[in-house]
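In what follows, a structure is listed as structure tokens, so that the remarks can point back to it.
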Amino acid sequence: MNDVPMPRPLTGYLAGPAPEGPIAEVDRRVADLLARRCDLTDPVALDLVTLLVTAQRHGHSCLDLNRIDDLLDDLSADGTPLRPPIPPVETMLDALRGHPTVDVPAAGKPDGKPTTDDPVRPLVLRGDRLFSQRNHANEASVAADLRRLAATSPAIPATVDDATLDMLFPGPTVDDPKPLRPDPQKRAVRSFLNGAVTILTGGPGTGKTFTIARVLATLIHAWPIDRPPRIAVCAPTGKAATRIGESLAQAATGLRPDLAQRLVDIEPTTIHHLLGSRPDTWARFHHHAGDTLGVDVVVVDETSMLSLSLLARLLEAVPSGARLLLVGDPDQLESIENGSALRDLVDADGTSSTLTGRVVRLTANHRAQDGTQIGDLAEAVRLGEVGTVLELLADGVGIHWNPTANPPGEAGALLEPILPSLAGVDWSVSDEGDLELVRNHLSSSTEHRLLCGNRHGPTGASTWNRLVEDALNVHGTWYPGRPLLVTRNEGQLGLVNGQVGVIVRTPDGMRACFEVRGSYRLLHPSQLPPVETAYALTIHKSQGSEYADVTSILPAEGSPLLRRELLYTAITRARRSVTIVGTDEAVRSAVERRGFRMTGLVDALSRP
């Protein structure tokens, strides 16, 4: 009855006494299917294809033959038995070279975009890196388009004098104890005006959105022709797009009224919406290399969340002569899909590449309030300073630590500061006037956010959502006060992935209340796209958001998720206080383990 053939047993170094470990059955099946279709029989090559499938499933864009040990160690943080020794790199290369399914570009050959005349081979061997054809093509496309954009001066020149910059970036005042540092921000403005590609990085609270606002205001002020500049501001997710719109409106405060209004009028959108998604056709987007965007400026926020493939599709649609500003924090969690685009672009700045001198990093943190040391803790995590992290966790201002190995057993204490804003709220709506109260209740109930490293298990968001429901004594699916997280964009309703709403009681029954295009609407549950309970969120889904207080529950020691970027992202969501829940060993492991993605983008950007 089962016509699906079982994967042939591997006879290379993965076939020894080591168990599955990080190599999942699905990886072996996919690799076996590819091997059968391509008549790939060499046992070492079979193993390498299996490892490539595994690497891609975990976000890598290629398999670096020099880092196989690093890959398996990173994916086996909980410990796996010893595996047989890995063959020398030259042996692995010999197993791949010469096979008709493996494309081996000549050394020094630039990564041009693939053409219809190129043979389609499923695998590409570039140096010591093995790629799928798709990922190699995407990296080549990103590198080629960044070279194209960087090589062309802005089609419409614009200049700014020092007096204008001083107006946009005022110096310290008596009432401003933590003034913004103008120098890197002024450098970002000049880089943006003078060049076609600028990358702006920095941690949360370092003034990235403020700088975006001033960059765009400067361009509008200096625009030399009659028509206004055509500006597109976008982000990878709907939640991030909504957030940048709100932040731009706030950052417009203090600008000349006409400039401020122009910023407020900008409507950020998702990258998919900007490009014009076409899910039912062979062409994924309306805009592409043959039909570029009709814009003068493209600003991309939260670039760290951007996958390699989506970056490739965006860049090919940016017209030559337009200005491109990529903004984000390279120390946050990467995209859940392949690649680490922003980190690679920042790393390329340190090489002789297309992007040399185009990266501007902001460092002064202005988010933490009332003298808290949250910024110090985040910086210590970013730098991997275990001792400093533990000291701040033990005695830092605005920082709390619960070193329990059994978080659910401490649920009462951990939820105590969160429950008051959730309990005793009347989520009834009788007329439109009550919607403003709902908005206020929803805002106050998310001031203290519970963030989890996992989706499931004792430290997972699903478990903690249930624990909160138990503490509130609420049950069922559509109960008043249930916070909802949208998990898929719904264009017709105006709901976006990551948006939070709440269930309210109305005279007509339970309804979901969401903010849609600036006003609150009541929707029948049957109208909703996929949603999930949002008392607790995963740290990954919290990216692009900030909260007054954060309680973050770390995965148990040994979890592959436990790494520096996860802890850093959790800490930097907080403005006023942060509570870290996890053992000493879990914290040490998180700080010491820096995640890595095997890619070839830095090298691709360094090639002519």
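Under our numbering, the first residue of the sequence shown is numbered 4, with each subsequent residue one higher.
By construction, the Cβ of each residue, glycine as well, lies at the ideal position given by its N, Cα and C atoms.
*What separation, rounded to the nearest whole angstrom, lies between the Cα atoms of T94 and S79?*
If you draw a straight line from the Cα of T94 to the Cα of S79, it comes to about 25 Å.
Point to revise | Coarse secondary structure for N69, derived from DSSP in three states | key: The three-state secondary structure of N69, taken from DSSP, is helix.
Taking the continuous beta strand (DSSP E) assigned at E382, which residues delimit it? Bounds of any beta strand (DSSP E) do not take in E382; it lies within the alpha helix (DSSP H) bounded by I377 to L386.
What separation, rounded to the nearest whole angstrom, lies between the Cα atoms of V612 and R514?
The structure shown does not extend to residue 612, since the chain spans only 4 to 611, so no value can be given for it.
List the residues that DSSP assigns as beta-bridge partners of T541. Paired residue(s): C455.
* Residues that DSSP places opposite W404 in a beta bridge -> In the DSSP output, where bridge partners are listed per residue, W404 has I583.
Integer-rounded CB distance, given that N468 should sit under 8 Å from Y3: Since the first residue shown for the chain is 4 and the last is 611, residue 3 is missing from the structure and cannot be characterised.
What three-state label does DSSP hand W285 in the structure shown?
Reliability fails at W285, whose pLDDT of 46 lies under 50, so the model's placement of it is uncertain and the value that follows must be treated cautiously. Under the three-state reduction of DSSP, W285 is assigned to coil, being neither helix nor strand.
**Prompt:** What is the rounded straight-line gap between the Cα of L608 and the Cα of L358?
**Reply:** Near 8 Å, if we compare the C-alpha coordinates of L358 and L608.
Just reading off the alpha helix (DSSP H) that F195 is part of, what are its end residues? Looking at the DSSP string, the run of the alpha helix (DSSP H) that includes F195 is P185 to N197.
* Asked: Taking C-alpha atoms, which residue in S529, T490, F517 and G494 lies nearest to L480?
  -> The amino acid at residue 480 is misidentified as Leu; the sequence shows Thr. Among S529, T490, F517 and G494, the Cα nearest to that of T480 is on S529.
Notebook entry, point to check: Are three or more beta carbon pairs between the region 195-203 and the region 233-246 nearer than 8 Å?
Noted result: These segments do not touch.
In this structure, does DSSP put T221 in helix, strand or coil? Assigned with DSSP and collapsed to three states, T221 falls in helix.
| field | Whether I339 touches G62 by CB criterion (8 Å) | value | With contacts defined as CB atoms closer than 8 Å, I339 and G62 qualify as a contacting pair.
>> Counting C-beta neighbours from all protein chains within 10 Å, is the total for P239 16 or more, i.e. buried, or is it exposed?
In response: It counts as buried.
>> To test your reading of the DSSP string, which unbroken beta strand (DSSP E) runs of 3 or more residues are found completely within the region 451-507?
In response: The region 451-507 contains these whole beta strand (DSSP E) runs: 451-455 and 486-489.
task = Return helix, strand or coil for V92, following the three-state DSSP convention.
result = If DSSP states are grouped into helix, strand and coil, V92 belongs with the helices.
Worksheet entry | Proximity of L266 and S135 at Cβ, strictly below 8 Å | Going by C-beta atoms, L266 is not nearer than 8 Å to S135.
- Item | Rounded C-alpha distance that separates L51 from H276 | Going by the C-alpha atoms only, they are around 38 Å apart.
Margin query: Taking 8 Å as the threshold (C-beta atoms), are V400 and T375 in contact?
Written below: Between T375 and V400, the C-beta gap is smaller than 8 Å, which places the two residues in contact.
> Are the beta-carbon atoms belonging to A577 and V553 less than 8 Å from one another?
Replying inline: Closer than 8 Å, so yes.
Inset, instruction - Could you tell me which of G501, L557, D268 and L328 sits nearest to W404, measuring between CA atoms? - result: Looking at G501, L557, D268 and L328, the one whose alpha-carbon comes closest to that of W404 is L557.
**Asked** Looking at the structure shown, is R514 part of a helix, part of a strand, or coil, going by DSSP?
**Response** Strand.
Per-residue DSSP class, three states only, for Q372:
Confidence at Q372 is low in this model, with a pLDDT of 49, below 50, so its placement is unreliable and the value that follows should be read with caution. Note: Q372 maps to coil in three-state DSSP.
Apply the 10 Å Cβ neighbour rule to P160 and answer buried if 16 or more other Cβ atoms are within range, or exposed otherwise.
-> P160 sits exposed, since fewer than 16 C-beta atoms from the chains shown fall within 10 Å of its C-beta.
Next on the checklist: Within 10 Å of its beta-carbon, does V29 have 16 or more other beta-carbons around it, so buried, or fewer, so exposed?
Outcome noted: Taking all protein chains in view, the Cβ of V29 is surrounded by fewer than 16 other Cβ atoms within 10 Å, so the residue is classified as exposed.
Exercise. Kindly list the residues whose CB is nearer than 6 Å to the CB of L251, restricted to its own chain and excluding five residues on each side of it in sequence; keep chain order.
Key: For L251, where only same-chain residues beyond five positions count, the Cβ hits under 6 Å are A216 and L266.
**Prompt:** Which parts of the region 413-445 are runs of the alpha helix (DSSP H), unbroken and 4 residues or longer, counting only runs that do not cross its ends?
**Reply:** List check, alpha helix (DSSP H) in window: 414-418.
request  = Could you check the C-alpha separation between D179 and S431 for me, to the nearest Å?
outcome  = Any answer about D179 is weak, because its pLDDT of 42 lies below 50 and its placement is not dependable; what the coordinates show is given next. Their Cα atoms are separated by approximately 42 Å.
For P227 and R3, the rounded distance between their alpha carbons = In the structure displayed, the chain extends from 4 to 611; residue 3 sits before or after that span and is not available.
To the nearest angstrom, how far is it from the Cα of L68 to the Cα of L133? When only Cα atoms are considered, L68 and L133 end up about 7 Å apart.
Item to check | Limits of the beta strand (DSSP E) - the one that G205 falls within | outcome: Residues V200 to G205.
Check your understanding: Apart from the five residues just before and just after A383, which ones in its own chain have a Cβ nearer than 7 Å to its Cβ?
Key -> Correct list, in chain order: T391, V392 and L395.
Fill in: Boundaries of the beta strand (DSSP E) in which R3 is found, first to last residue
Since the displayed the chain opens at 4 and closes at 611, residue 3 lies outside it and no answer follows.
Q. For the putative contact between D332 and G205, defined by C-beta atoms under 8 Å, what is the C-beta separation to the nearest angstrom?
A. Their Cβ separation, rounded to whole angstroms, is 7 Å, which keeps D332 and G205 in contact under 8 Å.
Considering only their Cβ atoms, is the gap separating L487 from V534 smaller than 8 Å? The Cβ atoms of V534 and L487 lie closer than 8 Å to each other.
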